[in-house]
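Here the structure comes first, spelled out in structure tokens, and everything after it is commentary.
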Amino acid sequence: MAHVIAVEGDKVWLEPEQTTSCGGCASSGACGAKGIGSVANRLEARRFQIINAEGLIVGERVVVGVREHALLRASVTAYVLPLAAMLGGGIVGQWAVGSDGVTITAMIIGLLLGLALSRLSAGRLLNRGDLTPHFLRRARPGENCHS
Amino acid sequence: MKEYILLMVSAALVNNVILARFLGLCSFMGVTTRIDTAIGMGMATTFVITVSSIADWAVQTYLLQPYNLGYLRTVTFILVIAAAVQFTEMTVKKVSPPLFKMLGIYLPLITTNCAVLGVALLLVEGKMNFISSVLFAFGSSIGYSLVMVIFAGLRERLVLADVPRLFAGPPIGFIVASLLALAFMGFSGMSTN
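Chains as they are written, first to last, in our numbering: chain Z, 10 to 156; chain P, 1340 to 1532.
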């Protein structure tokens, strides 16, 4: 869910609607995470553009989506690649020398290599359009992420 | 080698952080409505738990223990975890802004996920060496992700099930979670073999 905040030519700027990261949680009233995700500048950082083929106007609420498995691919790229490289570096360090200091250093080098790999992979995903949100439909009145 | 494998299996299945230690229950109930989001949350948490546990081990071994600052452990670990989450967020944002826009939603929730602090405290309590600490943290986070995905799959099926009106939503979710915990109790038999 997102709402239109600006129209620029044939494109619109959308801001995702977010109450809290765990807004749907049954215990959200007592949860320490309440409010952390709703800080305005966090939402501002996640504004995005889509092509305005539907004639959207400022203030309209829309439902947007990404390709199937895009979230999985993105998660693998952002977290699994650096983590695997870091653990791989640790295994090599431990196997080669066997001291904690060398293993930690090898893990840090592995993490940096993993981040570089992650950057390359993210660029490829972006070029394929896997990370681009697409307009699905206009939101129904009162509709939210959990309804 | 065998002891390391047993340590990981024990951390992931026998002493599962969610179903045996009851940590990280907020995200367990809040982010398991869809398998996709559960996988995303699981991977992000796996990364943060592993990285912050390594940092926590280093802080404990090279700072808190030599200077007898054990009473500052919880506060220090919370600071290290918050820094690890912030580092992850900044890195993902720098490496790929579109990835950050897609996945950034999970990171604030991890900061207050007690499973991250719980794992760090458990590995200090267990007086583990560095390799054991890394494997314990990684195994625990794999167990966390596994349970998140299994529970998300069950909840996706529950939406289609004909549940009595009074039990619909969170109540049937809790009942299913308790049955899942009972099923995981079966793994505890493995530790005596």
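Think of the CB as a built atom: it goes at the ideal place given N, C-alpha and C, for glycine as much as any other residue.
- In the DSSP assignment, I1388 of chain P falls outside any beta strand (DSSP E) and within the unbroken alpha helix (DSSP H) covering I1374 to V1398.
- Scanning its chain for C-beta atoms nearer than 6 Å, with the 5 sequence neighbours on each side dropped, one finds around L1474 of chain P the residues Y1343, L1346 and M1347, in chain order.
- Three or more pairs of CB atoms, one per stretch, sit closer than 8 Å, so the segment 120 to 132 of chain Z contacts the segment 82 to 94 of chain Z.
- Look at T86 of chain Z: its C-beta is under 8 Å from a C-beta on chain P.
- The straight-line gap separating the alpha-carbon atoms of R147 of chain Z and G1492 of chain P is approximately 28 Å.
- For the segment 105 to 121 of chain Z, the set of positions with a beta-carbon nearer than 9 Å to some beta-carbon of chain P reads D109, T112, I113, M116 and L120 in chain order.
- Segment contact: the segment 103 to 120 of chain Z against the segment 1349 to 1368 of chain P, fewer than three CB-CB distances shorter than 8 Å; contact not assigned.
- Residue pairing by DSSP places G74 of chain Z opposite Z:H143 in a beta bridge.
- The beta-carbon separation of F57 of chain Z and L23 of chain Z, rounded to 6 Å, stays under the 8 Å limit for a contact.
- Counting along the chain, V13 of chain Z sits inside the beta strand (DSSP E) bounded by residues A11 to E17.
- Relative to P91 of chain Z, the option among P:A1397, P:V1431 and P:T1415 whose CA is nearest is P:V1431.
- Closer than 8 Å at the C-beta level to chain Z, one finds these residues of the segment 1475 to 1493 of chain P: F1477.
- No Cβ of chain Z is located within less than 8 Å of the beta carbon of D1395 of chain P.
- Under the Cβ criterion of 8 Å, P1437 of chain P is counted among the residues facing chain Z.
- In this structure, DSSP gives E1342 of chain P a helical state, which the three-state scheme calls helix.
- In the DSSP assignment, K1466 of chain P falls outside any alpha helix (DSSP H), carrying neither H nor E.
- Residue pairing by DSSP puts F57 of chain Z in a beta bridge opposite Z:L23.
- Between the segment 1452 to 1463 of chain P and the segment 1409 to 1425 of chain P, the count of C-beta pairs closer than 8 Å reaches three or more; the two stretches touch.
- Contacts with chain P at 8 Å (Cβ-Cβ) do not include V101 of chain Z.
- The three-state secondary structure of Y1406 of chain P, taken from DSSP, is coil.
- Under the three-state reduction of DSSP output, G1512 of chain P falls in the helix class.
- Setting aside the 5 residues that flank it on each side, L1497 of chain P is surrounded in the same chain by I1511, G1512 and V1515, each with a C-beta closer than 8 Å to its C-beta; the list follows chain order.
- In this structure, the beta-carbon distance from M116 of chain Z to G99 of chain Z falls below 8 Å.
- Within 10 angstroms of the beta-carbon of S1472 of chain P lie 16 or more other beta-carbons, which makes it buried.
- In this structure, the beta-carbon distance from A1421 of chain P to V1387 of chain P does not fall below 8 Å.
- C-alpha of L1460 of chain P to C-alpha of T1413 of chain P: approximately 8 Å in a straight line.
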